[in-house]
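**Q** Residue 284 in full-length UniProt numbering sits at position 284 of the sequence shown, with consecutive numbering throughout.
Below you'll find the structure I mean.
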Amino acid sequence: MSSIGGTRLGMCMQRYGPLVWASMLCCHRQGSNVASLMVPFNDATHQTGCRRMSAIAGQKNTETFVDLQDFTHELKVAEKIRKFRRFIGDPSMAKTFLKCLQPWDDRGNGPIILECDPGPGILTQTLLAAGARVVALESNKDFLPSLQLLENNMDGQLEVVHCDFFKLDPLGHGTMQPPVMYSSVLFNSLCIPEAPWIKDVPFKVFGILPQKNESTFLWKQIYNLFERNSIYRYGRIELNVFISEKQYTKLVSQPGDMRNYQALSALFQASCDIQLLHMEPWSSFLTPLRFKGAAIPRSVIVPNDHLCLVRITPRRDLFTDSL
1 MSSIGGTRLG MCMQRYGPLV WASMLCCHRQ GSNVASLMVP FNDATHQTGC
51 RRMSAIAGQK NTETFVDLQD FTHELKVAEK IRKFRRFIGD PSMAKTFLKC
101 LQPWDDRGNG PIILECDPGP GILTQTLLAA GARVVALESN KDFLPSLQLL
151 ENNMDGQLEV VHCDFFKLDP LGHGTMQPPV MYSSVLFNSL CIPEAPWIKD
201 VPFKVFGILP QKNESTFLWK QIYNLFERNS IYRYGRIELN VFISEKQYTK
251 LVSQPGDMRN YQALSALFQA SCDIQLLHME PWSSFLTPLR FKGAAIPRSV
301 IVPNDHLCLV RITPRRDLFT DSL
């Protein structure tokens, strides 16, 4: 851990007690291999191997319509995959999530949306129809042909990458094979430059967290956030993720709640604004047939019969002289 990162975590330990530091000892430093050839979207030069999204895409459109019949093949693929995942299989759900994401500002412009594991692409097409610029990071090769066909018809509004966002920046060093990769390789290929921390959110991440790895993913994010590592080298990256009610309860619990208030609660509350955007029943999501819609974790703390769409936005003033 760098001296700066150690100072920041030390300040958190002073504020929130030794529990924070004890838990952070379990984390390991992620390998950093950030390329130095980042170029802005509006740069006239073109970097070799760099995919450039359209600068004119992203015009706000409030009239969106996606026909489920267009996804017959993709939904069959989703039903047959061997790895457990939850998919958005209903256009009305996708439209609800579109409103939650709020991909535009008052002028009708907005940050890029990084959609993690879009699968059939129902939300992808909803976002595109609304005028958003989208980078679809898909880990399963079976979904790539239909996503790439859509990409070819979108004139730079969509980029499709064979990438598992939830395995971004693995421990250690060396050559990675897709879908596992380093964030530096991903953002370099997309021509996404590093952005000053005090600037607006450069892009929003949307995804459904893998059920078994919720806590691990969140620990990895908070560690990288305080270190300004991984995706946070590129600015104040906003996470819009579905997590279980149980995990959400822990994130927002307050001191004195002995059951739920943990080091992760203190760290996220100290560094980020946390907002509950939407709650969706587990049963609303499509799952592969071989799992028979299973895997609803039991909990004695909360009903846990919904997934919570939570917005986690790092604070603009997080990195000051004292932290």
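Backbone N, C-alpha and C define an ideal beta-carbon position, used for all residues, glycine too.
Counting C-beta neighbours from all protein chains within 10 Å, is the total for Val134 16 or more, i.e. buried, or is it exposed?
**A** Buried, by the Cβ-count rule.
**Q** Do Lys250 and Gln269 count as a contact pair if the criterion is CB distance below 8 Å?
**A** No; because the gap between Cβ atoms is not below 8 Å, this pair is not in contact.
**Q** Between the C-alpha atoms of Glu151 and Glu159, what's the straight-line distance to the nearest angstrom?
**A** Cα to Cα, the separation comes out at about 6 Å.
**Q** Going by C-alpha to C-alpha distance, which of Leu137, Pro202 and Glu194 sits closest to Pro179?
**A** Comparing Cα-Cα distances from Pro179 to each of Leu137, Pro202 and Glu194, the minimum goes to Leu137.
**Q** Relative to the C-alpha of Ser183, which candidate in Asn153, Gln148 and Tyr234 has its C-alpha closest?
**A** With distances taken between Cα atoms, Ser183 lies closest to Tyr234.
**Q** Under 8 Å, with one C-beta from each stretch per pair, do the region 229 to 243 and the region 302 to 314 reach the 3-pair mark?
**A** Counting Cβ pairs under 8 Å, three or more are found: they touch.
**Q** So Leu114 is in the beta strand (DSSP E); what residue range does that whole segment cover?
**A** Note, Leu114: beta strand (DSSP E), Ile112 to Cys116.
**Q** Our contact map puts Ser230 next to Asn224 with C-beta atoms below 8 Å; I'd like the distance itself, whole angstroms only.
**A** With a Cβ gap of about 4 Å, Ser230 and Asn224 count as contacting.
**Q** Between Gly121 and Glu74, how many whole angstroms is the CB-CB distance? I'm expecting something under 8 Å.
**A** About 6 Å separates the two Cβ atoms, so the contact holds.
**Q** Going by C-alpha distance, which of Lys246, Leu286, Glu245 and Ser265 is nearest Gln254?
**A** Looking at the Cα atoms, Ser265 is the closest of the given residues.
**Q** Check the C-beta distance from Gln125 over to Val205 and give it rounded, since I have them as a contact under 8 Å.
**A** Gln125 to Val205, Cβ: 19 Å. No contact.
**Q** Please classify Met181 as buried or exposed, where buried requires at least 16 other C-beta atoms within 10 Å of its C-beta.
**A** With 16 or more Cβ atoms within 10 Å of its Cβ, Met181 is classed as buried.
**Q** Go to Gln177, then tell me how far its beta strand (DSSP E) extends in each direction, as first and last residue.
**A** Segment: none, Gln177 is in no beta strand (DSSP E) and carries neither H nor E.
**Q** Going by DSSP, what residue range makes up the beta strand (DSSP E) through Gln275?
**A** Counting along the chain, the beta strand (DSSP E) containing Gln275 begins and ends at Cys272 to Pro281.
**Q** How would you call Asp169, buried or exposed, if buried means at least 16 neighbouring beta carbons within 10 angstroms?
**A** When all chains shown are included, Asp169 counts as buried.
**Q** Which one or two residues does DSSP pair with Phe187 in a beta bridge?
**A** Bridge partners of Phe187: none, in fact.
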